[in-house]
Amino acid sequence: MALKIRRNRAPKPPQTCDIGTCMQILGGAWTPNVVWLLSGGPRRFGELRRDIPLISAKMLSARLRALEEKGVVARRVVPSSPPSVEYRLTALGEELMPAIQAIAGVGVKLKAQALAAAQAA
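If you read the sequence shown in full-length UniProt numbering, its first letter stands for residue 1, the second for the next number, and so on.
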(Lines of atoms letter the chains of each structure in order from A and count residues from 1; the text may use other names and numbers.)
(Lines give C-alpha, C1' and ligand atoms only; values in the text may rest on other atoms or scores of the structure.)
Protein backbone atom coordinates (compact mmCIF):
# COMPACT_ATOMS: atom_id res chain seq x y z
CA MET A 1 0.00 0.00 0.00
CA ALA A 2 1.43 3.36 -1.07
CA LEU A 3 1.88 6.13 1.46
CA LYS A 4 -0.18 9.27 1.05
CA ILE A 5 1.87 12.28 -0.08
CA ARG A 6 1.53 15.04 2.47
CA ARG A 7 1.17 18.70 1.57
CA ASN A 8 4.27 20.82 2.22
CA ARG A 9 3.43 23.35 4.96
CA ALA A 10 6.63 25.38 4.68
CA PRO A 11 6.17 28.89 3.29
CA LYS A 12 7.03 29.13 -0.39
CA PRO A 13 10.51 30.52 -1.05
CA PRO A 14 10.74 33.82 -2.94
CA GLN A 15 10.89 33.54 -6.73
CA THR A 16 14.52 34.60 -6.72
CA CYS A 17 15.95 32.53 -3.92
CA ASP A 18 17.42 35.01 -1.45
CA ILE A 19 18.82 32.19 0.67
CA GLY A 20 20.94 31.01 -2.25
CA THR A 21 22.19 34.54 -2.87
CA CYS A 22 23.29 34.87 0.75
CA MET A 23 24.85 31.41 0.83
CA GLN A 24 26.86 32.22 -2.32
CA ILE A 25 28.59 34.89 -0.25
CA LEU A 26 29.06 32.79 2.89
CA GLY A 27 29.69 29.48 1.15
CA GLY A 28 33.30 30.05 0.17
CA ALA A 29 36.09 28.44 2.17
CA TRP A 30 37.24 30.72 5.01
CA THR A 31 34.65 33.40 4.17
CA PRO A 32 32.65 33.12 7.44
CA ASN A 33 35.94 33.24 9.38
CA VAL A 34 37.01 36.44 7.62
CA VAL A 35 33.63 38.10 8.16
CA TRP A 36 33.61 36.99 11.82
CA LEU A 37 37.05 38.46 12.46
CA LEU A 38 36.23 41.74 10.71
CA SER A 39 33.14 42.11 12.91
CA GLY A 40 35.51 43.17 15.70
CA GLY A 41 36.70 46.19 13.73
CA PRO A 42 39.10 47.04 10.91
CA ARG A 43 42.03 44.65 10.37
CA ARG A 44 45.10 44.76 8.17
CA PHE A 45 45.99 41.87 5.88
CA GLY A 46 48.86 40.68 8.09
CA GLU A 47 46.63 40.77 11.17
CA LEU A 48 44.05 38.59 9.43
CA ARG A 49 46.82 36.16 8.41
CA ARG A 50 47.83 35.85 12.06
CA ASP A 51 44.18 35.47 13.13
CA ILE A 52 43.69 32.56 10.69
CA PRO A 53 47.06 30.78 10.61
CA LEU A 54 45.92 27.94 8.32
CA ILE A 55 44.82 30.21 5.45
CA SER A 56 47.31 30.94 2.67
CA ALA A 57 48.03 34.52 1.61
CA LYS A 58 46.65 33.74 -1.85
CA MET A 59 43.34 32.39 -0.44
CA LEU A 60 42.94 35.28 2.02
CA SER A 61 43.58 37.78 -0.76
CA ALA A 62 41.01 36.04 -2.99
CA ARG A 63 38.39 35.98 -0.21
CA LEU A 64 38.90 39.65 0.64
CA ARG A 65 38.71 40.61 -3.04
CA ALA A 66 35.49 38.61 -3.54
CA LEU A 67 33.90 40.07 -0.42
CA GLU A 68 34.88 43.56 -1.55
CA GLU A 69 33.31 42.98 -4.99
CA LYS A 70 30.07 41.85 -3.33
CA GLY A 71 29.94 44.91 -1.07
CA VAL A 72 30.50 42.99 2.18
CA VAL A 73 33.99 44.35 2.90
CA ALA A 74 35.45 47.80 2.33
CA ARG A 75 39.16 48.25 1.59
CA ARG A 76 40.97 51.42 2.66
CA VAL A 77 44.54 52.31 1.78
CA VAL A 78 46.21 53.93 4.79
CA PRO A 79 48.73 56.57 3.73
CA SER A 80 51.79 55.42 5.64
CA SER A 81 55.30 54.31 4.93
CA PRO A 82 55.20 51.52 3.85
CA PRO A 83 51.63 51.76 2.52
CA SER A 84 49.09 49.73 4.47
CA VAL A 85 45.59 48.47 3.68
CA GLU A 86 42.76 48.05 6.17
CA TYR A 87 39.65 45.96 5.67
CA ARG A 88 36.36 46.49 7.48
CA LEU A 89 32.80 45.22 7.21
CA THR A 90 30.28 47.38 5.40
CA ALA A 91 26.72 47.75 6.68
CA LEU A 92 25.79 44.76 4.49
CA GLY A 93 28.64 42.75 6.02
CA GLU A 94 27.45 43.58 9.53
CA GLU A 95 23.98 42.31 8.61
CA LEU A 96 25.52 38.88 7.93
CA MET A 97 26.76 38.52 11.51
CA PRO A 98 23.50 37.28 13.09
CA ALA A 99 23.32 34.55 10.44
CA ILE A 100 26.94 33.52 11.01
CA GLN A 101 26.41 33.54 14.79
CA ALA A 102 23.33 31.33 14.40
CA ILE A 103 25.26 28.90 12.18
CA ALA A 104 28.11 28.84 14.73
CA GLY A 105 25.59 28.09 17.50
CA VAL A 106 24.20 25.14 15.57
CA GLY A 107 27.77 23.97 14.91
CA VAL A 108 28.47 23.90 18.66
CA LYS A 109 25.34 21.80 19.22
CA LEU A 110 26.25 19.42 16.39
CA LYS A 111 29.77 18.94 17.78
CA ALA A 112 28.38 18.23 21.26
CA GLN A 113 25.90 15.76 19.79
CA ALA A 114 28.62 13.97 17.80
CA LEU A 115 30.87 13.82 20.88
CA ALA A 116 28.05 12.37 22.99
CA ALA A 117 27.32 9.78 20.30
CA ALA A 118 31.00 8.83 20.07
CA GLN A 119 31.27 8.45 23.86
CA ALA A 120 28.11 6.31 23.95
CA ALA A 121 29.48 3.97 21.29
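For glycine and all other residues, C-beta sits at the position ideal for the given N, C-alpha and C.
- Task: Return the CA-CA distance between A104 and W36, expressed in angstroms with no decimal places.
- Result: Rounded to whole angstroms, A104 and W36 show a C-alpha spacing of 10 angstroms.
- Could you tell me which residues DSSP puts in a beta bridge with S84? Per DSSP, V78.
- Message: Does the structure place the stretch 7 to 23 close enough to the stretch 67 to 86 that three or more beta carbon pairs sit under 8 angstroms?
- Response: Cβ pair count under 8 angstroms is below three, so no.
- On the DSSP bridge assignment, give the partners of R43 in chain order. Looking at the DSSP output, R43 bridges to Y87.
- For I55, collect the residues of the same chain with a Cβ closer than 6 angstroms to its Cβ; drop the 5 residues on either side in sequence, then sort them by chain order. Excluding positions up to five away in sequence, the list reads W30.
- Message: Check whether the stretch 66 to 73 and the stretch 86 to 103 touch, using three or more Cβ-Cβ pairs below 8 angstroms as the test.
- Response: Because the criterion of three Cβ pairs below 8 angstroms is met, the stretch 66 to 73 and the stretch 86 to 103 touch.
- Please classify V72: does DSSP put it in a helix, a strand, or coil? Coil.
- Message: At the level of alpha carbons, what is the spacing between P42 and L3?
- Response: Approximately 56 angstroms, taken between the alpha carbons.
- So is V73 buried or exposed if we call it buried at 16+ other beta carbons inside 10 Å? Residue burial is scored here from C-beta neighbours: V73 has at least 16 other C-beta atoms within 10 angstroms and is therefore classed as buried.
- Should V106 go down as buried or exposed, given a rule of 16 or more other Cβ atoms within 10 Å for buried? Looking at its Cβ environment, which holds fewer than 16 other Cβ atoms inside 10 Å, V106 is exposed.
- Task: Could you tell me the distance, in whole angstroms, from the CA atom of M97 to the CA atom of A91?
- Result: In this structure, the straight-line span from the alpha carbon of M97 to that of A91 is close to 10 angstroms.
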